[in-house]
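Notes for the one structure printed next.
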C-alpha cells in the first residue's frame, strides 16, 4: 500500500463515535505499533500514528496512519491544532533526535501534553567486548585496519564509514539502496535484525565478521546481535545515545 505524506489509512471503519480525545503517536518502532493497537482496541480515542516514511513498505499499525514529515516545529504544531490532538506520545527510535526535539517544542507551542516512551538502553554484561563511543565519527575511528565489519545501522548513518577503504563492510538494510553506496568493498544484506542470536551468529560466521558497529537502541528485537557477539567474543563498537533521556512534559 502506498500512502502520500498526508494520507491516512484507518484500519477501523470510521472514527470511534465515543472518542473523547485524539492521540498522536510518533511511531516507527515495534513498541509504538503495540501501543497503537492497545489504544485502538479500547475504542475510546482517535489514534493516529505518524511514520517517517523511510521504508518502502512499512507495516501499518491499527488506527489512522500519517506518513511523512511535518515540516519542522511549526508544521507539527499546526498539525496538532488542525487535528485537535489532545496528547502526543513520542515512541520513536531512541536515536530519532530531531523529531523528539521537534515534538517537545511543538507540544509546548500548541499547549499539548507530551509523553515519552523510550526503550531502556542495553547494559554491558561481563562477557561483552564493547568499545563505547559517542558519535559516528568516533565509531569510524575505532575500527582497526583491515577489519571485517558488520554495520547494524540505518541507511542514513553509514556514509561516514565509506572513507575506511581499508575495511570490508557488510551492511544490513531493510530496503535495497536506490543509489550505489560509496563503499570500496561492501556487501548488502537485506532484512531486519533477528531476535534469535543463533541466527545472527550464523550471519556473522557466513561473512567472516570480526567487528560490529551498532547503536545502543535497546529493546528485544535487536538484542540478538549483542548476544551473538558475546558468544563469539566479537568486539562491538557501540554508539551511545545522543542526548539524555527525556521526561514527560506538559
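In this note's numbering, the protein residues as written are 432 to 681.
For each residue, glycine too, the CB sits at the ideal point set by N, CA and C.
Buried versus exposed call for residue 445 [16 or more other C-beta atoms within 10 Å across all chains shown]
As a working mapping, residue 445 is identified with position 14 in the chain shown. Its pLDDT being 46, under 50, residue 445 is placed unreliably by the model, and nothing is read from it.
Rounded C-alpha distance that separates residue 511 from residue 543
Taking the first residue of the chain shown as position 1, residue 511 is located at position 80. Taking the first residue of the chain shown as position 1, residue 543 is located at position 112. Approximately 8 Å, taken between the alpha carbons.
Beta-bridge pairing of residue 583 - partner residues as DSSP gives them
Working through the chain shown from its first residue, we reach residue 583 at position 152. DSSP output for residue 583 lists 645 as bridge partner(s).
Just tell me which of 661, 607 and 669 has its CA closest to the CA of residue 647.
By 1-based counting over the chain shown, the position of residue 647 is 216. Of the listed residues, the one whose Cα sits closest to residue 647 is 669.
Applying the 10 Å Cβ sphere with the 16-neighbour rule, what's the burial state of residue 601?
Taking the first residue of the chain shown as position 1, residue 601 is located at position 170. Result: buried.
Around the Cβ of residue 528, are there at least 16 other Cβ atoms within 10 angstroms (buried) or fewer (exposed)?
If you number the chain shown from 1, residue 528 lands on position 97. Exposed, since its Cβ has fewer than 16 Cβ neighbours within 10 Å.
Cβ-based neighbour list, residue 471, same chain, cut-off 7 Å, excluding 5 preceding and 5 following:
Position 40 of the chain shown, counted from the first residue, corresponds to residue 471. Same-chain partners within the cutoff: 443, 478, 493 and 494.
Report the partner residues of residue 563 according to the DSSP bridge assignment.
In the chain shown, the residue the question calls residue 563 occupies position 132. Bridge partners of residue 563: 669.
Quick one, which of 558, 507, 533 and 563 has its alpha-carbon nearest residue 663's?
Mapped onto the chain shown, residue 663 falls at position 232. Considering only alpha carbons, the answer is 558.
CB-CB under 8 Å to residue 607, same chain, minus the five flanking residues each way: which ones, in chain order?
In the chain shown, residue 607 corresponds to position 176, counting from 1. For residue 607, where only same-chain residues beyond five positions count, the Cβ hits under 8 Å are 619 and 621.
Beta-carbon proximity check, residue 673 vs residue 526, cutoff 9 Å:
In the chain shown, counting from the first residue as 1, residue 673 sits at position 242. In the chain shown, counting from the first residue as 1, residue 526 sits at position 95. Result yes, Cβ atoms of residue 673 and residue 526 sit closer than 9 Å.
For the segment 583 to 598 and the segment 631 to 646, state whether three or more C-beta atom pairs, one from each stretch, are separated by less than 8 Å.
With a cut-off of 8 Å on Cβ pairs, the segment 583 to 598 is in contact with the segment 631 to 646, counting three or more such pairs.
Taking the C-alpha atoms as reference points, what is the distance between residue 549 and residue 463?
Here residue 549 is taken as the residue at index 118 of the chain shown, counted from 1. Here residue 463 is taken as the residue at index 32 of the chain shown, counted from 1. If you take the alpha carbons of residue 549 and residue 463, they lie about 10 Å apart.
Which one of 595, 451, 500 and 614 has the shortest CA to CA distance from residue 474?
In the chain shown, residue 474 corresponds to position 43, counting from 1. Comparing Cα-Cα distances from residue 474 to each of 595, 451, 500 and 614, the minimum goes to 451.
Given that a residue counts as buried once 16 or more other Cβ atoms are within 10 Å of its Cβ, and exposed if not, what is residue 537?
As a working note, residue 537 is residue 106 in the chain shown. Label assigned to residue 537: buried.
Considering only their Cβ atoms, is the gap separating residue 530 from residue 476 smaller than 9 Å?
Reading the chain shown from its first residue, position 45 is the one you call residue 476. Reading the chain shown from its first residue, position 99 is the one you call residue 530. For residue 476 and residue 530, no; Cβs fall outside 9 Å.
Grouping DSSP H, G and I as helix and E and B as strand, with all else coil, what is residue 637?
On the chain shown, position 206 is the one that residue 637 refers to. For residue 637, the three-state secondary structure derived from DSSP is helix.
DSSP has residue 604 in a bridge; who is on the other side?
To locate residue 604, count along the chain shown from 1; it is residue 173. In the DSSP output, where bridge partners are listed per residue, residue 604 has 621.
If you follow the alpha helix (DSSP H) that residue 466 is part of, which residue opens it and which one closes it?
On the chain shown, residue 466 is found 35 positions in, with the first residue counted as 1. Here the alpha helix (DSSP H) through residue 466 covers 461 to 473.
Got a sec, what are the start and stop residues for the beta strand (DSSP E) residue 657 sits in?
Locating residue 657 in the chain shown gives position 226, counting from the first residue. No beta strand (DSSP E) contains residue 657, which is instead part of the alpha helix (DSSP H) from 655 to 663.
Which residue or residues does DSSP assign as beta-bridge partners of residue 454?
In the chain shown, counting from the first residue as 1, residue 454 sits at position 23. Per DSSP, 478 and 518.
Residue 498 bridges to which residues according to DSSP?
The residue given as residue 498 occupies position 67 in the chain shown. According to DSSP, which records beta bridges pairwise, residue 498 is partnered with 482.
Would you kindly work out how many angstroms separate the C-alpha atoms of residue 509 and residue 459, rounded to a whole number?
Along the chain shown, read from residue 1 onward, the residue named residue 509 stands at position 78. Along the chain shown, read from residue 1 onward, the residue named residue 459 stands at position 28. When rounded, the distance between both Cα atoms is 21 Å.
Can you find the residues in the same chain that come closer than 7 Å, C-beta to C-beta, to residue 681, ignoring five residues on each side of it along the sequence?
Residue numbering aside, residue 681 sits at position 250 when the chain shown is read from its first letter. Low confidence applies here, because residue 681 scores a pLDDT of 40, under 50, leaving its location unreliable; read the following figure in that light. Around residue 681, the same chain offers 544 as residues with beta carbons nearer than 7 Å, after the five sequence neighbours per side are excluded.
If you follow the beta strand (DSSP E) that residue 543 is part of, which residue opens it and which one closes it?
In the chain shown, residue 543 corresponds to position 112, counting from 1. Careful: residue 543 lies outside any beta strand (DSSP E) and carries neither H nor E.
Can you list, in chain order, the residues of its chain with a C-beta nearer than 7 Å to that of residue 555? Leave out the 5 residues immediately preceding and following it.
Your numbering for residue 555 matches position 124 in the chain shown. So the qualifying residues of the chain are 561.
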